[in-house]
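Protein sequences appear in the order of chains V and H.
Here the first sequence stands for residues 48 to 210, numbered as in my numbering.
Here the second sequence stands for residues 3 to 285, numbered as in my numbering.
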Amino acid sequence: MRRSPFFTFLIIWLSILCAALLQILPLPPLVDEYFRPQWMLLTAMYWALALPNRFGIGSAWIAGLILDVLWGTTLGFNGVMFGLCAAFMVENNHKLRTYSVWHQSLILLGLVLVYQMLFGTLSSWLDDALVTNSYYASSFITLLAWPWIFFTLRKVRRRLFLS
Amino acid sequence: MKTIFTRRFPASVKIIAIVVLSLLLVLSSDSLAPARQYLSTFFSPLQVIASAPLEALDNVSETVKSRETLMAENQKLRQLELSISDRLLKLEHLEQENSRLRAMLGSPVVTTQRKLIARIQSVDTDPFRLQVVLNKGIKDDVFIGQPVVDEHGVVGQVVEVNEFSSRVLLIADNSHAIPLRNQRNDVRLIGLGRGDVHQMELQYVTKNTDVKIGDMLVTSGLGDRFPEGYPVASVTGIENRGNEIYSTIRIRPIAQLDRIRYVLLLWPELATSDASAPEVLSQ
Numbered sequence: 048m049r050r051s052p053f054f055t056f057l058i059i060w061l062s063i064l065c066a067a068l069l070q071i072l073p074l075p076p077l078v079d080e081y082f083r084p085q086w087m088l089l090t091a092m093y094w095a096l097a098l099p100n101r102f103g104i105g106s107a108w109i110a111g112l113i114l115d116v117l118w119g120t121t122l123g124f125n126g127v128m129f130g131l132c133a134a135f136m137v138e139n140n141h142k143l144r145t146y147s148v149w150h151q152s153l154i155l156l157g158l159v160l161v162y163q164m165l166f167g168t169l170s171s172w173l174d175d176a177l178v179t180n181s182y183y184a185s186s187f188i189t190l191l192a193w194p195w196i197f198f199t200l201r202k203v204r205r206r207l208f209l210s
Numbered sequence: 003m004k005t006i007f008t009r010r011f012p013a014s015v016k017i018i019a020i021v022v023l024s025l026l027l028v029l030s031s032d033s034l035a036p037a038r039q040y041l042s043t044f045f046s047p048l049q050v051i052a053s054a055p056l057e058a059l060d061n062v063s064e065t066v067k068s069r070e071t072l073m074a075e076n077q078k079l080r081q082l083e084l085s086i087s088d089r090l091l092k093l094e095h096l097e098q099e100n101s102r103l104r105a106m107l108g109s110p111v112v113t114t115q116r117k118l119i120a121r122i123q124s125v126d127t128d129p130f131r132l133q134v135v136l137n138k139g140i141k142d143d144v145f146i147g148q149p150v151v152d153e154h155g156v157v158g159q160v161v162e163v164n165e166f167s168s169r170v171l172l173i174a175d176n177s178h179a180i181p182l183r184n185q186r187n188d189v190r191l192i193g194l195g196r197g198d199v200h201q202m203e204l205q206y207v208t209k210n211t212d213v214k215i216g217d218m219l220v221t222s223g224l225g226d227r228f229p230e231g232y233p234v235a236s237v238t239g240i241e242n243r244g245n246e247i248y249s250t251i252r253i254r255p256i257a258q259l260d261r262i263r264y265v266l267l268l269w270p271e272l273a274t275s276d277a278s279a280p281e282v283l284s285q
């Protein structure tokens with residue numbers, strides 16, 4: 048069964064919006080600090096991995112801008128970081144797809160750490176932000192979040208015959 | 003059928019493009035405020051949905067409160083109201099007298115003629131910013147730079163506004179500074195946020211300045227942003243290091259910045275001769 052590109056586009060952005068919702072959902076401070084995965088980044092990375100011709104660097108940039116608007120960050124910080132992360136996923140697409148999910152989540156953990164470091168650096172240089180070490184602790188939940196996101200979105204992709 | 007290999011631009015071109023575009027966005031972030039306003043209006047339903055579960059939970063806990071609890075609460079509030087209205091009577095008299103005297107001196111005082119109660123929308127924000135989202139926006143005349151207080155003291159100022167909600171930067175944020183006055187001796191100071199809701203700092207206070215632990219600091223009204231006289235913080239620690247000119251002074255915000263739920267938006271205005279009683283609009 049062949050779906051129109053528009054349908055694929057719609058489902059991808061719907062999943063991005065769901066991730067945005069999870070990203071800004073209020074949680075108790077402790078959970079918020081250590082156990083909130085980077086939902087939007089990971090969802091965008093899934094689509095950059097699975098359908099790089101539908102969701103590439105430019106789309107990831109737009110997803111990052113949406114997060115900037117929702118977070119109240121200077122417009123462009125998350126945008127550029129999402130775009131660069133997506134570039135990594137798209138460029139190493141063929142290699143990454145052959146890895147097991149656990150291997151992938153280790154790589155994604157590295158990617159999230161790099162994202163957080165560069166985002167923190169950008170914010171403290173240009174925005175006078177105060178970056179604490181506990182901020183980086185939150186990246187380790189990626190190890191659990193990535194398999195979950197991967198299997199959920201793969202199910203969505205296969206059920207709806209997205210390509 | 004499109005394949006992976008039909009890319010219009012190579013990745014390197016795209017990467018350079020997004021980096022340049024993002025740089026332009028960051029550099030022109032001030033002039034992009036209107037565009038940002040529309041974008042955040044567009045995405046504000048997400049914020050409403052995200053904060054809905056917690057608000058529903060709040061409502062539930064409100065409805066299942068027992069009759070005794072409500073009665074006790076009611077009684078306490080009545081007593082509080084009585085004591086407050088007593089103080090208010092005196093205050094109004096003093097305020098009128100003060101504004102008459104000020105008028106004689108030719109330096110009218112800035113008062114707030116309009117206030118509005120707003121509720122904090124519980125949504126997550128930038129990990130490095132101390133900011134909250136309010137459920138009032140342009141449709142309620144909220145503007146950028148507007149002072150926000152709660153029942154104890156100053157909370158912060160509005161930094162971003164869209165049709166239905168607004169974003170408030172708390173006074174304890176790392177990028178925030180607020181002009182202050184020591185209530186005891188009128189010394190002017192600057193309160194600097196340090197990214198910690200329980201602690202702020204006073205900047206550039208020489209060692210011989212008269213500041214003591216326990217001093218109450220109020221807004222000085224300088225800077226034309228916060229109206230004069232609202233309590234902000236109390237001094238909790240003074241440290242003098244041997245060879246430095248300035249002493250390190252720690253202050254503690256009066257407003258409970260980590261557990262605010264309702265705040266008051268203020269519309270400061272220059273006092274006119276026929277000062278009417280400030281009206282409080284309920285939400």
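Every residue gets a Cβ at the ideal spot worked out from N, C-alpha and C, and that includes glycine.
These numbers come from a predicted model, not from an experiment.
Item                                                                                                                    : Value
is_contact[V:Y162, chain H] using C-beta, thresh 7 Å                                                                    : no
Spatial neighbours of V:A110 in its chain, beta-carbon cut-off 7 Å, leaving aside the 5 residues before and after       : I63, M87, A91, F129
Chain-ordered chain V contacts of H:R38 [CB-CB under 8 Å]                                                               : V116, L122
Sufficient close CB pairs (3 or more, under 8 Å) joining the segment 146-155 of chain V to the segment 40-52 of chain H : no
For H:V135, the first and last residue of its enclosing beta strand (DSSP E)                                            : 133-136
Closest by C-alpha distance to H:P47, when choosing among H:R116, H:E83, H:S87, H:N164                                  : H:N164
Buried or exposed by the 16-neighbour rule on C-beta atoms within 10 Å, applied to V:T55                                : buried
Range covered by the beta strand (DSSP E) that runs through H:Q159                                                      : 156-163
Residue closest to V:D174, alpha-carbon to alpha-carbon, out of H:Q39, H:S31, H:L107                                    : H:S31
Burial state of V:R204 (16 or more Cβ within 10 Å)                                                                      : buried
Of the residues H:L194, H:Q185, H:S42, H:R254, the one placed nearest H:H178, counting alpha carbons only               : H:L194
Helix, strand or coil at H:N184 according to DSSP, with G and I counted as helix                                        : strand
Chain H residues whose Cβ lies nearer than 8 Å to that of V:A110                                                        : Per Cβ cutoff of 8 Å: no residues; V:A110 is ~12 Å from chain H at best.
V:A192 beta carbon less than 7 Å from that of H:A13                                                                     : no
Backbone CA spacing between H:D22 and V:F166 [nearest angstrom]                                                         : One point to set straight first is that residue 22 of chain H is Val, not Asp, in the sequence displayed. Roughly 16 Å separates the two Cα atoms.
Inter-residue CB distance, H:L171 and H:V161 (contact presumed, cutoff 8 Å)                                             : 5 Å
7 Å Cβ cut-off: residues of chain V touching H:A13                                                                      : I104, A134, V137, E138
Residue closest to H:L224, alpha-carbon to alpha-carbon, out of H:E246, H:G244, H:I192, H:D217                          : H:I192
Same chain only: Cβ atoms within 8 Å of H:D175, ignoring 5 sequence neighbours per side                                 : R131, L132, Q133, G158, G195, G197
8 Å Cβ cut-off: residues of chain V touching H:A2                                                                       : In the structure as shown, chain H starts at 3 and stops at 285, and residue 2 of chain H therefore has no counterpart that could be examined.
Buried versus exposed call for H:T221 [16 or more other C-beta atoms within 10 Å across all chains shown]               : buried
Touch test, the segment 123-130 of chain H against the segment 81-101 of chain H, Cβ-Cβ under 8 Å, three pairs minimum  : no
Opening and closing residue of the beta strand (DSSP E) in which H:D198 lies                                            : 190-198
Neighbour list for V:G157 in chain C, Cβ cutoff strictly below 8 Å                                                      : Among the protein chains of the structure shown, namely V and H, there is no chain C.
Rounded C-alpha distance that separates H:Q185 from H:Y40                                                               : 42 Å
Endpoints, the alpha helix (DSSP H) within which V:S106 is located                                                      : 104-118
Three-state secondary structure assigned by DSSP to H:Y232                                                              : coil
H:G239 in three-state terms, based on DSSP                                                                              : strand
Collapsed DSSP secondary structure at V:A66 in the structure displayed                                                  : helix
In DSSP terms, what H:E203 is bridged to                                                                                : H:L194, H:R252
DSSP-derived helix/strand/coil call for V:L177                                                                          : coil
Residue from H:R169, H:E83, H:L182 whose Cα sits closest to the Cα of H:L267                                            : H:R169
beta-carbon V:W94 near the ligand PLP non-hydrogen atom, thresh 6 Å                                                     : Summarising the ligand content, the structure contains no ligands, and the ligand PLP is consequently not present.
Candidates V:R206, V:V137, V:K202, V:L72, of which the one nearest V:G103 by Cα                                         : V:V137
Test: H:A279 CB closer than 7 Å to a CB of chain V                                                                      : With a pLDDT of only 45 at H:A279, under the threshold of 50, the placement of this residue in the model should not be trusted; the figure read from the coordinates follows. No, H:A279 does not count as interfacial toward chain V.
Beta carbon proximity, V:S62 to chain H, threshold 7 Å                                                                  : no
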